[in-house]
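S.K.: Residue numbers (UniProt numbering): 1 to 984.
1) Could you please give the first and the last residue of the uninterrupted alpha helix (DSSP H) stretch that includes residue 865?
2) Thinking residue 403 and residue 505 are a contact (beta carbons under 8 Å), I'd like their distance in whole angstroms, please.
3) Residues in its own chain within less than 8 Å of residue 155 by CB, not counting five upstream and five downstream?
4) If you reduce the DSSP assignment to three classes, tell me which class residue 725 lands in.
5) Exposed or buried, which one is residue 637 when buried takes at least 16 other CB atoms within 10 Å?
6) For a test of your reading of the model: does the CB of residue 615 fall under 8 Å from any non-hydrogen atom of the ligand MN? Yes or no.
7) Pop quiz: residue 625 and residue 606 are said to be a contact at Cβ under 8 Å. What is the actual Cβ separation, rounded to whole angstroms?
8) Is the separation between the beta-carbon of residue 401 and that of residue 348 shorter than 9 Å?
9) Residue 59 to residue 195, Cα distance in whole Å?
10) CA-CA distance, residue 19 and residue 122?
11) Helix, strand or coil for residue 664, going by three-state DSSP, please let me know.
12) In terms of DSSP beta bridges, what is residue 176 paired with?
13) Using the C-alpha atoms, what's the distance from residue 187 back to residue 16?
14) Note down the Cα distance separating residue 185 from residue 275, rounded to an integer number of angstroms.
15) Just list the alpha helix (DSSP H) runs in the stretch 689–728, keeping only unbroken ones of 4 residues or longer that don't cross its boundaries, in chain order.
16) Are there 16 or more other CB atoms within 10 angstroms of the CB of residue 562, so buried, or fewer, so exposed?
17) Tell me whether residue 172 is buried or exposed, calling it buried when 16 or more other Cβ atoms sit within 10 Å of its Cβ.
18) Mind pulling the beta strand (DSSP E) runs of 3 or more residues that sit fully within the stretch 580–646?
19) By the 10 Å Cβ neighbour count, where 16 or more other Cβ atoms means buried, how is residue 724 classified, buried or exposed?
20) May I have the straight-line CA-CA distance separating residue 511 from residue 497, to the nearest angstrom?
21) For residue 27, is the classification buried or exposed, using 16 other Cβ atoms within 10 angstroms of its Cβ as the cut-off for buried?
22) Just to confirm before moving on: does the CB-CB distance between residue 659 and residue 750 stay below 9 Å?
23) I need the DSSP call for residue 223, collapsed to helix, strand or coil.
24) Can you give me the start and stop residues for the beta strand (DSSP E) that residue 393 sits inside?
25) Taking DSSP's pairing of strands, which residues face residue 181 in a bridge?
26) For residue 177, count neighbouring C-beta atoms within 10 Å of its own C-beta (all shown protein chains included) and say buried if the count is 16 or more, exposed if not.
27) Which word fits residue 820, buried or exposed, when buried means at least 16 other C-beta atoms lie within 10 angstroms of its C-beta?
28) With which residues is residue 916 paired in a DSSP beta bridge?
29) Determine, using beta carbons only, whether residue 81 and residue 208 come nearer to each other than 9 Å.
30) Between 197, 79, 93, which has its C-alpha nearest residue 164's C-alpha?
31) Is the CB of residue 831 under 9 Å away from at least one CB in chain B?
32) Exposed or buried, residue 297, counting other C-beta atoms within 10 Å across all chains shown (16 or more means buried)?
33) Once you ignore the five residues that flank residue 1001 on each side, which residues in its own chain have a CB closer than 7 Å to its CB?
34) Let's test the definition: count the other Cβ atoms within 10 Å of the Cβ of residue 603 and tell me whether it reaches 16, buried, or not, exposed.
35) So is residue 135 buried or exposed if we call it buried at 16+ other beta carbons inside 10 Å?
36) Within 10 Å of its beta-carbon, does residue 453 have 16 or more other beta-carbons around it, so buried, or fewer, so exposed?
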């Protein structure tokens, strides 16, 4: 028996023990093979003189030893990797004489996995080798004599994951060895609390590099802020935690747990880490308070945070002062003495009208006006107007803040004043109507003012001729609400205004209303004829003849257009073969019109590929159409949205009924319709390049002038076809011209109920323009529409000609917005004043002149589409004409060939203004001394304002265009000069 020297055993907290021979009471009784002469179980004393069981073997004299020792079945207990710690002693072979070649200083360690402990016999070949174990230190005979042996400790690990348990085996191959103790253990990450989340004991992974993800659970009185996770490493150590928990409201974190807030404290916000002391004027009476309750007479609004002190409603406003001005009252006051600890104070006004000595008070009517408002006042001043005259009112000013609602909202927060309004003049008279109208008189009647403010003493009627200034008016007074005005001139428009008078004086005049007297009867020509009237008639006829002659001479050139237009109209009526457009809305049954003009297509022949836009009635798609016996073609498909009304269906199909009547290469072609199944569809040819305006903006500057003229020629050809069919488009614009893959332009958009543009600036209602126009309004594209169509809704082929001139300007400017950023009202006003769009950059003057001809105010002076088409054909046949002015234009063209530099003197300020469409300011600028082009270059905004050019858009146009036009003109002059005359 000998003593083993070893340190006291203290197991780490992250290890779980499966077997420790030093703690097993009694014998181990492991299986040994062979049973005799091999491993032998013996008892020894440890350093504390405690007996322990060990196994030893020392068959070093005999060669080829194979002595096996197998442990009992060891349950795995969930471990995936086990560690075997072996403490043993080993005799140095050199200390044993005569054993050379047979003695060994190592042994082998094996294991075998099994699901149960019933396997009494296990073949040695079934065991898997873990390692060969060698001693770091061995002992000799001398050591035994001193009864001190050197103890070796070796640890080996192995993955065990396929069975519920395992066996260990030790193989001696001829060593002198003693197994002092065997300990089998596994590593765990111990129970821990991190970020208020508990992580249980967790076995490490099967591999030395594996990490086991563990989800934690929140400690009591806490909740997840972010999912708590940690990873257990192979060494039994926890890695950095992820996420965590946060204490519930009313609790705070202390030493890894959540503790309730003490009395007088609260925690109302999860972002606060610790409990906070209750804010002023609040308290908490129990632990774990989430919010502190307000003290009596203190309050907190719904929007106040829990950390905000409790507050009170304000006291009443102070120093209320009133000022009465006829039927208006102004109240001023000072802020309350106590604001209640808040800054969100506001004021409201209660108004009571009192009758019978203030015994009966009722709320004021809605006619009373409060300025700036009745409630929610931030300022301490308010004005009430439209009150009744000589009437008693009570006004109450209430002060409020965020906690006033439902809390002491009574007299303590308000201050009142009672006063009486003064006598006031009556309000204006309304509803003036004319009764009997004669050649020399008008009978008027009107209603009493809405607010008479007393007894009406009399009315005063003011009237004057519309064409005269208001200063030359006449007055008639009457005590009744009617008056017979006599002594008026026949067939003359008069303006009438009426006002009422009370004891407080006259009220304001009503707005002017106009009525016209009747005309005198026509005189008879004959024996009883009045010679004076006859003479006047003859004189008037002579004057009318002279005026007609003058107009004829002045408009000689314009007359050519109207005459040619008349000839073409007559020619069309004389030709019975011309097809005339039929309005589909004249059909009682809309489906009859569709089936008469459009072909029904089977929906199975249509293949929709993609959505390319959203129309007024539904989606617009592109796809393919394959009719029987015909090749497949690309088409555009307009579909009618679901849940449509009968009117929407009629409006939708009306476009097909219109297009189906047209057959022209420059008109969008209708392929057919689908009406017998849903969705209802209109099928047209597909225009690959989309709308013309967008196409031009995308290819700005890519085309020559002749190429652009070719596009204009195609549009004009299509419009001539429509005009010949007596169809008026009404919405001709570049956005409604489509371009196909061959760059052919085709007129489109024939819907009678179409939306012109999403931008409200592009459309204008006729009612707003005319004021007295009472027929159904609808929208009009102001920038493209002629003046007569805007003012009187008069749409004709001539109004389409005006629109075509704007399309020309759009094409030559590559899709620029007409009139730029001018408002619709400014556009209407400018056109009425004679303003016209200037030529776009690099636009030949002959084309701009054609635009100006299209924009003639008198519609009969505008060219027809036949004339426009002829002119464009001449330009295409002779491209050099785009470099000079066409026709007999009265001013020199910017691009007209010149003979020599003396032409510079011909170019004047008037010519320059005419070229940029600002000829209406010729006299204004000439009178102010701006007579030469050079002087125009010196103009500023201030200069133009001082001489009467006050429209901002006109000022900008003059400044922006004059220099451009003059430079272009000088460039043309230099190009026409001989080389020797061009300045260097």
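Think of the CB as a built atom: it goes at the ideal place given N, C-alpha and C, for glycine as much as any other residue.
M.R.: Once the coordinates are examined:
1) What you label residue 865 is simply residue 865 of the chain shown in a count that begins at 1. From DSSP, the alpha helix (DSSP H) with residue 865 extends over 865–877.
2) As a position in the chain shown, residue 403 is number 403, starting the count at 1. As a position in the chain shown, residue 505 is number 505, starting the count at 1. In fact, because the Cβ distance is near 49 Å, the residues do not count as touching under 8 Å.
3) For the purposes of this step, residue 155 is taken as residue 155 along the chain shown, with counting starting at 1. 83, 84, 85, 86.
4) Numbered from its first residue, the chain shown carries residue 725 at position 725. Of the three classes helix, strand and coil, the one that applies to residue 725 here is coil, per DSSP.
5) Taking the chain shown and counting its residues from 1, the one referred to as residue 637 is at position 637. Residue 637 comes out buried.
6) Ligands are entirely absent from the displayed structure, and the ligand MN is therefore not among its contents.
7) The count along the chain shown starts at 1 and reaches residue 625 at position 625. The count along the chain shown starts at 1 and reaches residue 606 at position 606. Rounded, the Cβ-Cβ distance is 6 Å, consistent with contact.
8) Taking the chain shown and counting its residues from 1, one reaches residue 401 at position 401. Taking the chain shown and counting its residues from 1, one reaches residue 348 at position 348. In this structure, residue 348 does not lie closer than 9 Å to residue 401 by Cβ.
9) Here residue 59 refers to the residue found at position 59 when the chain shown is read from its first residue. Here residue 195 refers to the residue found at position 195 when the chain shown is read from its first residue. Rounded to whole angstroms, residue 59 to residue 195 spans 60 Å at the Cα level.
10) Position 19 of the chain shown, counting from 1, holds the residue named residue 19. Position 122 of the chain shown, counting from 1, holds the residue named residue 122. Rounded to the nearest angstrom, the two C-alpha atoms are 20 Å apart.
11) Locating residue 664 in the chain shown gives position 664, where the first residue counts as 1. In this structure, residue 664 counts as coil in the three-state DSSP scheme.
12) Here residue 176 refers to the residue found at position 176 when the chain shown is read from its first residue. 58.
13) Walking along the chain shown from the start, residue 16 turns up at place 16. Walking along the chain shown from the start, residue 187 turns up at place 187. Going from the Cα of residue 16 to the Cα of residue 187 covers about 6 Å.
14) Taking the chain shown and counting its residues from 1, one reaches residue 185 at position 185. Taking the chain shown and counting its residues from 1, one reaches residue 275 at position 275. One C-alpha to the other measures close to 46 Å.
15) 692–698, 705–724
16) The sequence position of residue 562 within the chain shown is 562, counting from 1. With a pLDDT of 43 at residue 562, under the threshold of 50, the predicted position of this residue should be treated as unreliable, and no value is reported.
17) In the chain shown, residue 172 corresponds to position 172, counting from 1. Per the 10 Å Cβ criterion, buried.
18) 606–614, 619–625, 633–639
19) Start at 1 with the first residue of the chain shown, and residue 724 comes out as number 724. Residue 724 should be labelled buried.
20) Indexing the chain shown from 1 puts residue 511 at position 511. Indexing the chain shown from 1 puts residue 497 at position 497. Between residue 511 and residue 497, the C-alpha separation is close to 6 Å.
21) Locating residue 27 in the chain shown gives position 27, where the first residue counts as 1. It is exposed - the Cβ of residue 27 has fewer than 16 other Cβ atoms within 10 Å.
22) Mapped onto the chain shown, residue 659 falls at position 659. Mapped onto the chain shown, residue 750 falls at position 750. Taking 9 Å as the Cβ cut-off, residue 659 and residue 750 qualify as a contacting pair.
23) For this step, residue 223 is matched to residue 223 along the chain shown. In the structure shown, residue 223 sits in a strand (DSSP, three-state: E or B).
24) Taking the chain shown and counting its residues from 1, one reaches residue 393 at position 393. Note, residue 393: beta strand (DSSP E), 392–400.
25) If you number the chain shown from 1, residue 181 lands on position 181. Bridge partners of residue 181: 87.
26) Within the chain shown, numbered from 1, the residue matching residue 177 stands at position 177. Buried is the call here.
27) Mapped onto the chain shown, residue 820 falls at position 820. That one is exposed.
28) As a position in the chain shown, residue 916 is number 916, starting the count at 1. DSSP, once it has assigned bridges, lists no residue as partnering residue 916.
29) In the chain shown, counting from the first residue as 1, residue 81 sits at position 81. In the chain shown, counting from the first residue as 1, residue 208 sits at position 208. Cβ atoms of residue 81 and residue 208: closer than 9 Å.
30) What you label residue 164 is simply residue 164 of the chain shown in a count that begins at 1. If we check each option's Cα against that of residue 164, 79 comes out closest.
31) In the displayed structure, chain B is absent; only one protein chain is listed.
32) For this step, residue 297 is matched to residue 297 along the chain shown. Per the 10 Å Cβ criterion, exposed.
33) This structure does not reach residue 1001, given that the chain is present from 1 up to 984, and the question cannot be answered.
34) As a position in the chain shown, residue 603 is number 603, starting the count at 1. Burial call: exposed.
35) Counting from 1 along the chain shown, the entry for residue 135 is found at position 135. Counting Cβ neighbours within 10 Å, residue 135 comes out buried, since at least 16 surround it.
36) As a working note, residue 453 is residue 453 in the chain shown. So residue 453 ends up on the buried side.
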